[in-house]
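Trainee:
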DNA sequence: ATTAGTTAGTTACTTTATGTAAGTAATTAT
DNA sequence: ATAATTACTTACATAAAGTAACTAACTAAT
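Protein chains in written order, with UniProt numbering: chain L, 1 to 106; chain Y, 1 to 106.
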């Protein structure tokens with residue numbers, strides 16, 4: 001009865017991208033490793049959700065968490081190879097947004 | 001204080017893609033116009049949210065709603081040019097999912 | 001020794017988003 | 001008159017996200 005079955009891998013990828021904040025976190029990490037507080041303030045996400053997302057992305061092998069025992073402790077989040085492979089998606093979103101969304105009024 | 005300002009157009013596009021179901025709705029419409037009940041059953045979205053999403057996408061000029069006064073009434077949703085321009089994003093998501101997500105076990 | 005400051009979170013609570021299931025309106029078939 | 005179909009909407013329940021205060025580990029200053 002289900003005429004258009006969706007590929008489960010595609011569906012999974014889409015549900016990843018469809019989670020609020022996930023795309024932006026990945027986008028931010030494309031320009032290099034970032035720490036928790038940097039992500040928090042630069043994208044306006046709440047610490048509660050950021051913490052949740054980073055754990056999730058780490059578990060999925062998309063993000064790597066590294067602890068540097070400096071003072072105060074520095075923890076850096078970066079993209080794994082799997083995570084960096086998401087870049088073409090981001091580039092296409094960027095292209096579309098530039099081609100089809102209105103620029104801001106100055 | 002905000003070292004990595006995000007382009008507002010990109011942010012808007014990302015927030016569109018980050019809404020639950022929006023990406024899948026667009027993906028389904030890439031293969032041609034679809035009616036409400038088809039979308040509803042093929043992707044397992046609730047009517048309440050599907051209705052909300054379609055209205056939203058219509059307002060943003062991504063989806064076109066057409067009424068065919070047959071019996072019973074047929075209403076078709078399709079992508080506008082702006083909506084169809086999202087295809088490259090979907091293709092990249094598809095590529096990534098095939099390259100990095102495990103295939104199902106048969 | 002006590003107080004304050006920093007980072008990376010967590011916790012309890014509130015608000016918003018989504019799911020569920022029943023209902024409505026228009027139309028035709030029986 | 002009753003049932004069936006499509007395209008929704010409505011009321012209510014559950015899940016996800018936002019807010020703000022708190023904790024833990026450490027150092028620096030008073």
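Beta carbons are placed, not taken as given, at the ideal position from N, Cα and C, and that holds for glycine.
From a predicted model like this one, the values you see are computed outputs, not experimental measurements.
So what does DSSP say about residue 20 of chain Y, is it helix, strand or coil?
Mentor: The count along the second chain starts at 1 and reaches residue 20 of chain Y at position 20. Of the three classes helix, strand and coil, the one that applies to residue 20 of chain Y here is coil, per DSSP.
Trainee: Enumerate, from N- to C-terminal direction, the unbroken beta strand (DSSP E) stretches of 3 or more residues contained entirely within the UniProt domain "HTH hxlR-type" (7-105) of chain L.
Mentor: Listed in chain order, they are 63-68, 74-79.
Trainee: With 8 Å set as the bound, which would you pick, yes or no: does the beta-carbon of residue 84 of chain L sit closer than that to a beta-carbon of chain Y?
Mentor: By 1-based counting over the first chain, the position of residue 84 of chain L is 84. With 8 Å as the cut-off, residue 84 of chain L does not count as an interface residue toward chain Y.
Trainee: Quick one: list the residues of chain Y neighbouring residue 97 of chain L, beta-carbon separation under 7 Å, in chain order.
Mentor: The residue labelled residue 97 of chain L in the question sits at position 97 within the first chain. Under the 7 Å cutoff, chain Y gives 9, 10, 12, 13.
Trainee: Whole angstroms are fine: how far does the CA of residue 20 of chain Y sit from the CA of residue 160 of chain L?
Mentor: Outside the modelled stretch of chain L, which goes from 1 to 106, sits residue 160 of chain L, for which no answer is possible.
Trainee: Report buried or exposed for residue 98 of chain Y, applying the criterion of at least 16 other Cβ atoms within 10 angstroms of its Cβ.
Mentor: Against the second chain, residue 98 of chain Y aligns to sequence position 98. The residue in question, residue 98 of chain Y, is exposed, as its Cβ has fewer than 16 Cβ neighbours within 10 Å.
Trainee: Let's test the definition: count the other Cβ atoms within 10 Å of the Cβ of residue 59 of chain L and tell me whether it reaches 16, buried, or not, exposed.
Mentor: Here residue 59 of chain L refers to the residue found at position 59 when the first chain is read from its first residue. With fewer than 16 other Cβ atoms within 10 Å, it is exposed.
Trainee: Taking 8 Å as the CB-CB limit, is residue 110 of chain L close to chain Y?
Mentor: A query on residue 110 of chain L cannot be resolved here, the shown segment of chain L reaching from 1 to 106 and no further.
Trainee: List the residues of chain Y whose Cβ lies closer than 8 Å to the Cβ of residue 101 of chain L, in chain order.
Mentor: As a working mapping, residue 101 of chain L is identified with position 101 in the first chain. 9, 12, 13, listed in chain order.
Trainee: Buried or exposed, going by whether 16 or more other CB atoms sit within 10 Å of the CB of residue 71 of chain Y?
Mentor: For this step, residue 71 of chain Y is matched to residue 71 along the second chain. When all chains shown are included, residue 71 of chain Y counts as exposed.
Trainee: For residue 29 of chain Y, decide whether its Cβ has a neighbour in chain L, counting only Cβ atoms nearer than 8 Å.
Mentor: Position 29 of the second chain holds residue 29 of chain Y. Not closer than 8 Å to any Cβ of chain L, the Cβ of residue 29 of chain Y fails to qualify, so no.
Trainee: What residues from chain L crowd round residue 18 of chain Y, counting only those whose CB sits closer than 9 Å?
Mentor: As a first step, residue 18 of chain Y must be located in the second chain, where it is residue number 18. Within chain L, the residues near residue 18 of chain Y are 17, 18, 19, 20, 21, 22, 23, 24.
Trainee: If you draw a straight line from the C-alpha of residue 64 of chain Y to the C-alpha of residue 68 of chain L, how long is it?
Mentor: On the second chain, residue 64 of chain Y is found 64 positions in, with the first residue counted as 1. On the first chain, residue 68 of chain L is found 68 positions in, with the first residue counted as 1. Their backbone Cα atoms lie some 52 Å apart in a straight line.
Trainee: Drop a sphere of 10 angstroms on the beta-carbon of residue 174 of chain L, count the other beta-carbons inside from all chains shown, and report buried for 16 or more, exposed for fewer.
Mentor: Lying before the first or after the last residue shown, residue 174 of chain L is absent from chain L, which here runs from 1 to 106.
Trainee: Give me the chain L residues within the contact set of residue 88 of chain Y, using Cβ-Cβ distance strictly less than 8 Å, ordered along the chain.
Mentor: Along the second chain, read from residue 1 onward, the residue named residue 88 of chain Y stands at position 88. Those are 92, 95, 96, listed as they occur along chain L.
Trainee: Where does residue 57 of chain Y land, buried or exposed, given buried means 16+ other C-beta within 10 angstroms?
Mentor: Here the question's residue 57 of chain Y lines up with position 57 in the second chain. Buried, by the Cβ-count rule.
Trainee: Using a Cβ-Cβ cut-off of 7 Å (strictly less than) and excluding sequence neighbours within five positions of residue 28 of chain Y, which residues of its own chain qualify?
Mentor: The residue labelled residue 28 of chain Y in the question sits at position 28 within the second chain. Around residue 28 of chain Y: 34, 39, 42, 43.
Trainee: Output, in chain order, the set of chain Y residues within a Cβ distance shorter than 9 Å of residue 6 of chain L.
Mentor: Numbered from 1 along the first chain, position 6 holds the residue referred to as residue 6 of chain L. Residues of chain Y passing the Cβ test: 24, 27, 28, 42, 43.
Trainee: Can a CB atom of chain L be found closer than 8 Å to the CB of residue 58 of chain Y?
Mentor: Locating residue 58 of chain Y in the second chain gives position 58, where the first residue counts as 1. Not an interface residue.
Trainee: Could you check how far apart the C-beta atoms of residue 12 of chain L and residue 101 of chain Y are, in whole angstroms? I think they sit under 8 Å.
Mentor: Counting from one through the first chain, the residue named residue 12 of chain L turns up at place 12. Counting from one through the second chain, the residue named residue 101 of chain Y turns up at place 101. The pair is a contact, with the Cβ atoms about 6 Å apart (cut-off 8 Å).
Trainee: Out of L/87, L/80, L/5, L/51, state which residue places its alpha-carbon closest to the alpha-carbon of residue 61 of chain L.
Mentor: In the first chain, residue 61 of chain L corresponds to position 61, counting from 1. Nearest of L/87, L/80, L/5, L/51 to residue 61 of chain L, Cα basis: L/80.
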